[in-house]
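Visitor:
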Amino acid sequence: MLRGTHSQVYLPRKAKNKMAVEGLYKKRIDGRKFDEVRPMIAKVGVVPSADGSASFETGGTKAMAVVRGPRTLHPQHMQNAQKGVLRVSYGMMPFSVWDRIRPGPSRRSEEISKVCEWALSSVVDLSGFPNTVVDVFIQVPKADAGTRVAGLNAAAMALAHAGIPMKEMLTAIAVGKADKTLLVDVDKAEEDFHDGEGATDIPLAVTSRGKEVALLQLDGKISPSELKEAIEMGKKACDDILKVQMEALKNLNGGEDNE
Amino acid sequence: MMEERQIVVPGETIASGNEFLPGDGAWRDGTDVVAGRHGLADVQDKHVRVIPISGAYYPKRGNTIIGTVVDITFNGWLIDFGGAQNAFLGVSEVPRYINRNELREFLDFGESVVVKVWDVKSRGVDASMKMRGYGMIEGGMIVSISPNKVPRVIGREGSMVKMIKSATGCDVTVGQNGKVWVSGKDTDSEVATKKIIDFIAENATIVGLTERVEAFIKELGLQVSSAPAKPNDGVEVVEENTDSEENVEGDALSSVPSEEGKE
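If you're matching them up, the sequences are chains L and R in order. Residues in the first sequence are numbered from 7 upward in steps of one, following the numbering used here. Residues in the second sequence are numbered from 202 upward in steps of one, following the numbering used here.
1) Could you say which of R/Arg-238, R/Val-344, R/Gly-231, R/Gly-224 lies nearest to R/Gly-212 if we only look at CA atoms?
2) Nearest to R/Arg-250 by alpha carbon, out of R/Asn-404, R/Gln-207, R/Phe-275, R/Gln-286?
3) Report the residues of the stretch 170-182 of chain L with a CB closer than 8 Å to any CB of chain R, ordered along the chain.
4) Helix, strand or coil: which one does DSSP assign to R/Ala-430?
5) Can you give me the Cβ contacts of R/Gly-291 inside the same chain, cut-off strictly under 7 Å, excluding the 5 residues immediately before and after it?
6) For R/Pro-211, which residues in chain L fall below 7 Å Cβ to Cβ?
7) So, does the stretch 343-355 of chain R touch the stretch 376-384 of chain R, judging by three or more C-beta pairs under 8 Å?
8) Tell me the residue span of the beta strand (DSSP E) that contains L/Phe-62.
9) Looking at R/Asp-230 and L/Arg-215, is the spacing between their C-beta atoms short of 8 Å?
10) Distance, Cα to Cα, L/Gly-51 vs L/Ala-161?
11) What is the residue span of the alpha helix (DSSP H) that L/Asp-245 lies within?
12) Whose C-beta lies closer than 6 Å to the C-beta of R/Asn-448 among residues of the same chain, with five residues either side of it excluded?
13) Could you list which residues in chain R have their beta carbon closer than 7 Å to that of L/Met-252, in chain order?
14) L/Gln-85 to L/Pro-136, Cα distance in whole Å?
15) For R/Trp-228, decide whether its Cβ has a neighbour in chain L, counting only Cβ atoms nearer than 8 Å.
16) Quick one: residues in its chain with C-beta nearer than 8 Å to the C-beta of R/Ile-407, no 5 flanking neighbours on either side, listed in chain order?
17) By the three-class DSSP mapping on this structure, what secondary structure does L/Gln-223 have?
18) Of the choices R/Leu-410, R/Gly-370, R/Ala-402, R/Thr-388, whose alpha-carbon is the least far from that of R/Leu-423?
19) Can you tell me whether R/Val-318 sits near the ligand SAM, meaning its C-beta is under 7 Å from at least one heavy atom of the ligand?
20) Does L/His-167 come out as helix, strand or coil in the three-state DSSP assignment?
21) What are the residues that DSSP puts in a beta bridge with R/Met-337?
22) Between R/Val-316, R/Lys-419, R/Ala-405, which has its C-alpha nearest R/Ser-367's C-alpha?
23) Which of the three DSSP states, helix, strand or coil, is assigned to L/Arg-77?
24) By the criterion of Cβ-Cβ separation under 9 Å, what are the contact partners of R/Val-235 in chain L?
25) Based on DSSP bridge pairs, tell me the residues matched to L/Phe-143.
26) For chain R, find out if any of its Cβ atoms is closer than 8 Å to the Cβ of L/Arg-77; answer yes or no.
27) When you compare the CB of R/Asn-433 with every CB in chain L, is at least one pair closer than 8 Å?
28) Under a Cβ-count criterion, where at least 16 other Cβ atoms within 10 Å of its own Cβ denotes burial, should L/Gly-58 be classed as buried or exposed?
29) From what residue to what residue does the beta strand (DSSP E) around L/Ile-208 run?
30) Do L/Ser-95 and L/Val-146 have their beta-carbon atoms positioned less than 8 Å apart in this structure?
Below, the structure is given as structure tokens:
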């Protein structure tokens with residue numbers, strides 16, 4: 007594992023919940039445990055006119071996703087005669103953060119749209135709909151870090167709600183590190199942690215059944231062993247998120263009167 | 202194995218064991234049969250499938266659909282019925298001889314038709330209007346509802362549609378794609394029918410829908426003739442809501458206007 011070029015030697019840390027952390031970030035600002043996800047609210051069917059829609063909220067972050075399609079794809083040269091095309095668009099609303107966000111596509115939003123598209127296309131199966139497109143629109147009305155993972159959670163629910171064939175669900179979480187402390191579901195303050203080693207942000211998406219990683223990004227510095235541990239923490243948190251997603255999908259129209 | 206008819210989420214195991222066979226909306230993972238879409242899990246004789254409860258309309262062979270002519274090709278018409286692709290209605294699938302140069306004489310752009318889904322291929326849908334009850338739509342109005350609410354509008358063995366017809370005196374043709382053609386002697390009765398259909402679609406999830414609809418029809422000042430309301434209508438909502446395709450098909454056909462005379 008350890009290569010000669012590594013200046014740091016990783017010391018195995020103690021059990022997560024005890025967390026006698028040697029770093030500077032000893033306690034989370036909102037009092038959460040280090041491996042605890044912010045309180046979640048998931049809703050399905052928030053946009054009645056769409057084929058499928060959902061919203062997903064964790065703490066101060068909220069994302070809404072709307073699915074339209076499958077429908078014929080125009081312009082025609084973008085069509086795929088073998089299978090349908092998945093098209094994802096992500097955007098933050100101007101009022102989603104304290105400072106205004108300029109509406110419209112930006113470098114950041116285009117990139118996130120693309121990575122979300124790749125992550126979601128690993129679970130949806132559009133082979134039955136050649137020459138068509140399934141549009142997923144993700145909008146973020148409230149942002150407090152982790153918007154792309156909240157968007158992915160909402161999008162997976164919206165795709166399921168739209169009746170799109172999917173092999174499994176997709177669940178996403180942002181894990182990270184503030185100084186030397188590994189964290190699950192980082193918020194904005196933790197993302198901006200500047201002391202010591204600074205902050206590391208790792209958006210992670212995991213499939214519900216195969217537990218395969220569908221999205222993994224990394225912004226910051228982290229040692230390989232810490233990364234492994236962070237991913238494990240993220241996967242564990244994804245199990246909790248999946249329960250919330252499934253609950254929302256199973257209680258369409260608010261409960262038993264649906265059945 | 203899962204209890205009868207439960208909502209499942211993609212990736213959820215419905216049944217375990219090699220004896221189970223995955224059908225529509227299900228796939229096999231090792232020994233498990235897993236949901237491949239969101240819907241109601243239905244296990245019948247080791248045959249596992251997932252019945253859609255939300256989302257867009259997916260055409261199935263034998264469905265009755267209502268659509269509009271959007272394009273005319275050299276040998277037929279393209280019909281937009283609200284699905285992913287347009288349906289193709291060839292000249293040979295029309296009950297009378299058509300000169301290929303005069304396709305517009307028979308069906309022009311923007312005209313609506315009631316057709317049967319003859320075949321569903323990956324590239325699109327083939328439609329036919331050769332059988333009784335199918336054809337061009339003349340007069341009346343088309344009411345749009347969610348395709349997932351269609352089974353409720355039809356009711357068990359067409360009971361709901363029969364009730365609407367007898368109350369308003371209108372012909373009601375329900376397309377599985379969520380389009381309902383209403384045609385009556387005057388606009389008033391058609392508007393009343395539209396109100397009833399919208400009422401059903403709005404209250405599709407309510408237990409005891411038939412009684413509610415009867416009350417609503419009386420509210421509109423119309424008579425409910427001895428409608429064949431099933432005593433167990435309110436109880437077995439799950440059944441009714443998600444009738445197997447075979448039943449739904451039959452139901453839709455029974456609501457085709459040409460068979461109206463029987464009632």
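For each residue, glycine too, the CB sits at the ideal point set by N, CA and C.
Guide: Considering the structure as presented:
1) It is R/Arg-238.
2) Of R/Asn-404, R/Gln-207, R/Phe-275, R/Gln-286, the smallest CA-CA separation from R/Arg-250 is found for R/Gln-207.
3) Within the stretch 170-182 of chain L, the qualifying residues are Ile-170, Pro-171, Met-172, Lys-173, Glu-174, Met-175.
4) Residue placement at R/Ala-430 is poorly supported in this model, since its pLDDT is 47, which falls under 50; the coordinates still yield a value, given next. If DSSP states are grouped into helix, strand and coil, R/Ala-430 belongs with coil.
5) Taking R/Gly-291 as the centre and dropping the five residues before and after it, the same chain places the C-beta of Asn-276, Gly-277 closer than 7 Å to its C-beta, in chain order.
6) Contact annotation for R/Pro-211 against chain L: Ala-166, Met-172, Lys-173, Glu-174, Met-175 [CB-CB distance below 7 Å, chain order].
7) Yes, they touch.
8) First-last of the beta strand (DSSP E) with L/Phe-62: 58-64.
9) In this structure, L/Arg-215 sits near R/Asp-230, with a CB-CB distance shorter than 8 Å.
10) Note on geometry: alpha-carbon atoms of L/Gly-51 and L/Ala-161 lie some 12 Å from one another.
11) Here the alpha helix (DSSP H) through L/Asp-245 covers 230-256.
12) Bear in mind that the predicted position of R/Asn-448 carries a pLDDT of just 40, short of 50, making it too unreliable to give a figure here.
13) Those within 7 Å of L/Met-252 in chain R are Val-210.
14) Whole-angstrom Cα-Cα distance: 8 Å.
15) Among the CB atoms of chain L, one or more fall inside 8 Å of the CB of R/Trp-228.
16) Arg-413.
17) It is coil, neither helix nor strand.
18) Here the closest residue by C-alpha is R/Gly-370.
19) By its list of ligands, the structure shown contains no ligand whatsoever, and the ligand SAM lies outside what it can speak to.
20) Annotated three-state conformation of L/His-167 is helix, per DSSP.
21) Partner(s): R/Val-314.
22) Checked all of R/Val-316, R/Lys-419, R/Ala-405; the closest Cα to R/Ser-367 is R/Lys-419.
23) The answer is strand: DSSP assigns L/Arg-77 an E or B state.
24) Going along chain L in sequence order, the residues near R/Val-235 (Cβ under 9 Å) are Lys-173, Glu-174, Arg-215.
25) In the DSSP output, where bridge partners are listed per residue, L/Phe-143 has L/Val-72, L/Ser-95.
26) Yes, L/Arg-77 counts as interfacial toward chain R.
27) For R/Asn-433, the predicted model reports a pLDDT of 42, less than 50, meaning its position is unreliable and no value from the coordinates is stated.
28) With 16 or more other Cβ atoms within 10 Å, it is buried.
29) From DSSP, the beta strand (DSSP E) with L/Ile-208 extends over 205-213.
30) No. Outside cutoff.
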